[in-house]
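Chains as they are written, first to last, in this note's numbering: chain A, 477 to 730; chain B, 8 to 319; chain C, 24 to 314.
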């Protein structure tokens, strides 16, 4: 049973076809990777899958539910969370508060309860804080719990976004180039974290430029080129596909 | 003791002890003025400082609160408390209706739209003279509670002081709740907030309405306290004064909003000794503070006292 | 076309041209620095007041005008150097407050250097109205429209053909890239404030014979100029001109046909309506967030 299904998805920007007629399905519980050269439409696809862009045509279904045309927060409410290649950290808040924001969907409280600070809210807030702290330890940021986020190094911010996304308790987690800009040691760390995520049962969509990282952790790989599907399959199948070799590997990238 | 309780206790202490330093009615008058402005600023800071949405038109909401009270009591004979409550509720509904389309705008476009809204309100108030008395203003009956009219500076000092404390308490609670975190998150990164499940449009409208209610309530109280309303407090310039108080005191600091209101309410009173140089000095103080303390007075002082380096 | 309609249209075009000049000033500074300069209206006031003052002191009108434009430009440069540059990197709201502080300071200075009275300025070429299809037109209106056309042409030449103009445009599109190709961004910022101030001063001088001038005329003219710039799309030159003219005409028609008391309100209602449907103004760049 696939968790997410995409049918005939296209996105056009003033005549430029960023994504064209994509069909694919993401099986539950796997690491699904989307790769392709720069400008292949990876980030556009991710923005479509999280409601940030509205598709020009096509449908996005989470299980049987059609999410096409919904707002990003509705995608999040249905269980799709993501990180960003160019960080979207809340720099006006502490690291821990960033993760606590991620608990928003599961800590619903009315405005009167917030304004008058009902005792039930005070209890929920303590639970929220503890949960956020444990998520920060899970992604390896235990030491940063009290840091202001604008004082954290780049690699830690990438993990912070993962912790925030996990706090929404997603069924599908989309990671946009989590290793971009990291040194080899940090990349290994992210690699291990992704494996740990997959083991915890969440379905991961990994958008990457770094082929090596993808080949190691992905169960299935979708290769994009100029917004179109070039190939799809296991790492082994994709690696041997002549079209992929020509467009991507053959071009000498990585 | 949490930061929230500490700042509330500090403020309560100041409100309680301040009368020891107030020697005559004029000082009380200034203190009441500070309190009324501070109520508006605490609300406005939720919108500007926390949610990051500018408004250059909040004097409009202040004015509608003031004139709503004035018209309902003076022209239709409503009891003052009912008038105050209705005027405030009416402003809340209006802010909700205006807020939905207006808050889709960003940055300078939002500044323009709120500015336009404020100016439209002030023109309507100045023009509909049969109802509002026009540019001359109109008298307002005194506030009465439990059968006794509230009058005199000393009584009003406690009314305004208590209202301010309640306003600050509610604001501090809100900021330190999932709602407050959602507001700060959409200020930090709107797209980041959305993908985390926050309906940013709804939260913006909500905080816009809350800040409008704060302004309207302060407007109503001002009208009943002064016994007279004029369009002067509904102008674009008053909107700017309010925003300046918030930014001067320090954005995203509830205590800062109160301090900003206090300093910029007292300063012009103190500057009257400079007579014709008053505007020059006031403008220069605004510029210099913002150039050298872009984060505002309270956050800058707090950082300096805690010995941390100022991040830019 | 009825004579009455023509009369309103001419009045609207005249005041619209003034708004267009002020709006261009907003747009030029915004493009170079992303700052909304709320002191823009004070340049208008300085232009008018300074000309009146020098003319009353016996200067010939052209010399007084030239000197007033230079004074305003110098104030613009000083504003950039002393207030905007030291605050670089501050938030939008902080910069707005700084320029508002500057406008209060400049208004205060005007009351000290000059006074708090309203001053007339002699029309450039007489007061005899010109008959035109049943409507009347003041010669000063022709000056306003003519000079505005010349300035718009000069500006398009400046931005299209000169090195400094192109540097200004390049900086507005991408400050970092402009720096990399060797443009001195600090000079560009300075130039944009000088140019905007001069434009504002010209507007203030042109309109002074029609509406008179005083220490506080800059407030409303500045707001209207800002409104026109937003209406046209902030940062767009053609947008600023279009926004100014549309605003002027809407206001004149509103005052003529609906209610003169509500003429300013009508103008702002139209602006709100436009923003609700076109959130980046009439000719503004449509932007989509990249994430």
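Glycine residues also receive a C-beta, built at the ideal position from the N, C-alpha and C atoms.
What's the gap between the Cα of residue i and the Cα of residue j?
i: residue 99 of chain C; j: residue 296 of chain C; result: 33 Å
i: residue 247 of chain B; j: residue 62 of chain B; result: 9 Å
i: residue 557 of chain A; j: residue 590 of chain A; result: 25 Å
i: residue 614 of chain A; j: residue 639 of chain A; result: 8 Å
i: residue 577 of chain A; j: residue 22 of chain B; result: 34 Å
i: residue 708 of chain A; j: residue 192 of chain B; result: 37 Å
Buried or exposed: where does residue i fall if 16 or more other Cβ atoms within 10 Å of its Cβ makes it buried?
i: residue 549 of chain A; result: buried
i: residue 573 of chain A; result: buried
i: residue 153 of chain C; result: exposed
i: residue 258 of chain B; result: buried
i: residue 8 of chain B; result: Summary for residue 8 of chain B: the model assigns pLDDT 48, below 50, so the residue's position carries little reliability; its value from the coordinates is reported in the next sentence. With fewer than 16 other Cβ atoms within 10 Å, it is exposed.
i: residue 171 of chain C; result: buried
i: residue 60 of chain C; result: buried
i: residue 120 of chain C; result: buried
i: residue 214 of chain C; result: buried
i: residue 27 of chain C; result: exposed
i: residue 33 of chain B; result: exposed
i: residue 141 of chain C; result: exposed
i: residue 523 of chain A; result: buried
i: residue 185 of chain B; result: buried
i: residue 206 of chain B; result: buried
Are residue i and residue j touching if we call contact CB-CB under 8 Å?
i: residue 698 of chain A; j: residue 560 of chain A; result: no
i: residue 212 of chain B; j: residue 112 of chain B; result: no
i: residue 65 of chain B; j: residue 218 of chain B; result: yes
i: residue 55 of chain C; j: residue 203 of chain C; result: no
i: residue 315 of chain C; j: residue 25 of chain C; result: For chain C, the structure presents residues 24 to 314; residue 315 of chain C sits outside this window and is missing.
i: residue 677 of chain A; j: residue 616 of chain A; result: no
i: residue 144 of chain B; j: residue 236 of chain B; result: yes
i: residue 58 of chain C; j: residue 102 of chain C; result: no
i: residue 265 of chain B; j: residue 45 of chain B; result: yes
i: residue 496 of chain A; j: residue 509 of chain A; result: no
i: residue 214 of chain B; j: residue 104 of chain B; result: no
i: residue 705 of chain A; j: residue 479 of chain A; result: no
i: residue 74 of chain C; j: residue 51 of chain C; result: no
i: residue 229 of chain C; j: residue 265 of chain C; result: no
i: residue 243 of chain B; j: residue 246 of chain C; result: yes
i: residue 625 of chain A; j: residue 565 of chain A; result: yes
i: residue 649 of chain A; j: residue 673 of chain A; result: yes
i: residue 256 of chain C; j: residue 262 of chain C; result: yes
i: residue 33 of chain C; j: residue 179 of chain C; result: no
Since residue i is in the beta strand (DSSP E), which residue starts that stretch and which ends it?
i: residue 56 of chain C; result: Residue 56 of chain C -> not in any beta strand (DSSP E); alpha helix (DSSP H) instead, spanning 26 to 56.
i: residue 503 of chain A; result: 492 to 503
i: residue 703 of chain A; result: Taken as a continuous stretch (DSSP letters only), residue 703 of chain A belongs to no beta strand (DSSP E), as it is neither H nor E.
i: residue 487 of chain A; result: 478 to 489
i: residue 154 of chain B; result: Note, residue 154 of chain B: premise wrong, no beta strand (DSSP E); not H, not E.
i: residue 508 of chain A; result: 507 to 511
At what residues does the alpha helix (DSSP H) containing residue i begin and finish?
i: residue 634 of chain A; result: 630 to 643
i: residue 666 of chain A; result: 660 to 675
i: residue 209 of chain C; result: 208 to 234
i: residue 136 of chain B; result: 136 to 139
i: residue 289 of chain C; result: 286 to 300
i: residue 202 of chain C; result: 198 to 203
i: residue 99 of chain B; result: 87 to 109
i: residue 684 of chain A; result: From DSSP, residue 684 of chain A is part of no alpha helix (DSSP H) but of the beta strand (DSSP E) over 679 to 684.
i: residue 561 of chain A; result: Note, residue 561 of chain A: premise wrong, no alpha helix (DSSP H); not H, not E.
- [ ] Using a Cβ-Cβ cut-off of less than 7 Å, give me the residues of the segment 287 to 308 of chain B that come near chain C, in sequence order.
- [x] 287, 289, 290, 291, 293, 294, 297, 298 and 301
Task: Interface positions of the segment 272 to 289 of chain C facing chain B (Cβ-Cβ less than 7 Å), listed along the chain - done: 284, 285, 287 and 288
Open item on the list: For the segment 48 to 61 of chain B, list every residue whose C-beta sits within 7 Å of some C-beta in chain A, in sequence order.
Closed with: none
Task: chain B contacts made by the segment 95 to 116 of chain C, where a contact means CB separation under 8 Å - done: 106, 109, 110, 112, 113, 114, 115 and 116
Task: Near-chain B residues of the segment 577 to 611 of chain A - C-beta to any C-beta below 7 Å - done: 577, 578, 580, 581, 583, 585, 587, 590, 591, 592, 593 and 597
Task: Interface residues of the segment 188 to 203 of chain B facing chain A [CB-CB below 8 Å] - done: 188, 189, 191, 192, 194, 195, 196, 198, 199, 200, 201, 202 and 203
Open item on the list: What are the residues in the segment 129 to 145 of chain C lying within 8 Å of chain B by C-beta distance?
Closed with: 129, 130, 131, 132, 134 and 135
Open item on the list: Taking beta-carbon pairs under 9 Å, can you tell me which members of the segment 524 to 539 of chain A lie near chain B?
Closed with: 526, 527 and 528
- [ ] For the segment 292 to 309 of chain C, enumerate the residues whose C-beta is nearer than 8 Å to any C-beta of chain B, in chain order.
- [x] 292, 294, 295, 298, 299, 302, 303 and 304
TODO: Note down, in chain order, all residues in the segment 233 to 263 of chain B with a beta-carbon under 9 Å from any beta-carbon belonging to chain C.
DONE: 243, 244, 247, 250, 251, 253, 254, 255 and 258
- [ ] May I ask you to list, following chain order, the residues of the segment 245 to 259 of chain C that have a beta carbon less than 8 Å from some beta carbon of chain B?
- [x] 246, 249, 250, 253 and 257
Task: Residues, ordered as in the chain, of the segment 139 to 161 of chain B that lie near chain C by beta-carbon distance below 7 Å - done: none
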